[in-house]
Amino acid sequence: MTPPLLFVHDLAGVAVGDRVALPAQEARHAAAALRITNGEVLFIADGQGHRAQGEAVVEGNNVSVDISNVEVISRPNPTITVVQALAKGEHGELAIDLMTQVGVDRIIPWSASRSIVQWKGDRADKSLAKWQLAAKAATKQSRQAWTPEISAVMSTKEVLLLLPDFSATYVLHETSANPLAGAKLPVAGEICLIVGPEGGISDDEVSAFQEAGAQVASLGDSVLRASLAGAIGVGVLSTRLRWAHAPSRNMEG
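Residue numbers (the working numbering): 32 to 284.
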């Protein structure tokens, strides 16, 4: 069984032989929920590309890790950004969870014209915090070194202003005759996927994205839930660009 992963604030500069204390909340989780005992092997990471392995040292409510191996893992190139339309209830958090597990690098919440929910005022702050927590939990579950960045919610106009920064942008739409699995992909830079809400992306939005340089691509004939489409899209890109190759990392220990 793969050892559990817990978060620390910063692992930059940590070396083999160091002892790293877990933050109080992570230490409580390790002791109470995971029932970590002395000598048990753990992963720790900071969500910024640093991951280490070592043996637990449990002293009451305090848990530390004696480091035996350190990895510095580079972000993949190209990176993958998903513009994810806001979804009602837990569908949004599920989308974040699944996309994080398959390796999304950045997520932009999008207030699409057909999004049932809107993030405004306090609700925006609370909803963004839920998405960030979902990303952190999924990073732990999948033992990854990087936690995806999640930006503040954006309007369609704000998303359109970002599109020139991407090496390629694909609007996921089931009516497209061009499968994402066969699209010509850039070898570097940043790829963007745009995922609509449960009611679908409007024709006006599709046209606006195309005018800004986006291509329309499909994930097959099925109409997927908004909570799943992004993860499938990231999975397609990861299969083609990442999973056939060893990750770029520097190791000590």
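Glycine included, C-beta positions come from ideal geometry on N, C-alpha and C.
Counting Cβ pairs, one atom from each stretch, are 3 or more of them under 8 Å apart for the segment 223–235 and the segment 170–181? At 8 Å Cβ cutoff, the stretches do not touch.
Please report the Cβ distance between Ala183 and Leu159, rounded to the nearest whole angstrom; I am assuming they are in contact, meaning their Cβ atoms lie under 8 Å. 7 Å
Report, in whole angstroms, the separation of the C-beta atoms of Val190 and Trp150, which I expect to be a contact under 8 Å. About 14 Å separates the two Cβ atoms, so there is no contact after all.
Would the C-beta of Val267 count as close to the ligand GTP, meaning under 7 Å from any of its heavy atoms? You won't find the ligand GTP in this model; it holds no ligand whatsoever.
Just how far apart, CA to CA, sit Ser105 and Pro54? 25 Å
Within 10 Å of its beta-carbon, does Ala275 have 16 or more other beta-carbons around it, so buried, or fewer, so exposed? Counting Cβ neighbours within 10 Å, Ala275 comes out exposed, since fewer than 16 surround it.
Please identify the residue among Leu192, Val103 and Gly134 whose C-alpha is closest to the C-alpha of Ala245. Leu192
Give the single residue among Ala118, Ala143, Gly134 and Leu65 whose Cα lies nearest to the Cα of Arg271. Gly134
Pull up the distance between the alpha-carbon of Gly70 and that of Glu86, whole angstroms please. 5 Å
Assumed close pair Ala116, Gly227 - CB separation to whole angstroms, cut-off 8 Å: 5 Å
Would you identify the three-state DSSP class for Gln241, choosing helix, strand or coil? helix
My output table needs one value for Ala116: the three-state DSSP class, helix, strand or coil. Strand at Ala116.
Is the beta carbon of Pro107 sitting closer than 8 Å to the one on Ser198? no
Buried or exposed by the 16-neighbour rule on C-beta atoms within 10 Å, applied to Gly80: buried
Pairing CB atoms from the segment 254–267 with CB atoms from the segment 211–226, are three or more of them under 8 Å? Short answer: they touch.
Straight-line gap, Glu121 to Ala64 (C-alpha atoms, nearest Å): 24 Å
Report back the beta-carbon spacing between Val114 and Ile75 to the nearest angstrom; my notes put them in contact at under 8 Å. Not confirmed; about 31 Å, so no contact.
Could you tell me the alpha carbon to alpha carbon distance between Ala169 and Gly78, rounded to whole angstroms? 11 Å
State the CB to CB distance for the pair Arg174 and Thr33, rounded to an integer number of angstroms; the pair is presumed to be in contact (CB under 8 Å). 6 Å
Verify whether the separation of the beta carbon atoms of Lys1 and Glu124 is less than 8 Å. Limits of the chain in this structure are 32 at one end and 284 at the other, which puts residue 1 out of reach.
Tell me the residue span of the beta strand (DSSP E) that contains Glu90. The continuous beta strand (DSSP E) containing Glu90 extends over residues His81 to Glu90.
Own chain residues within Cβ distance below 6 Å of Ile111, not counting five before or after: Here the set comprises Val135, Asp136, Ile222, Val265 and Leu268.
Got a sec? Which residues, its chain only, sit under 7 Å from Ala260 by beta carbon, not counting five neighbours each side? Leu203, Val226 and Leu250
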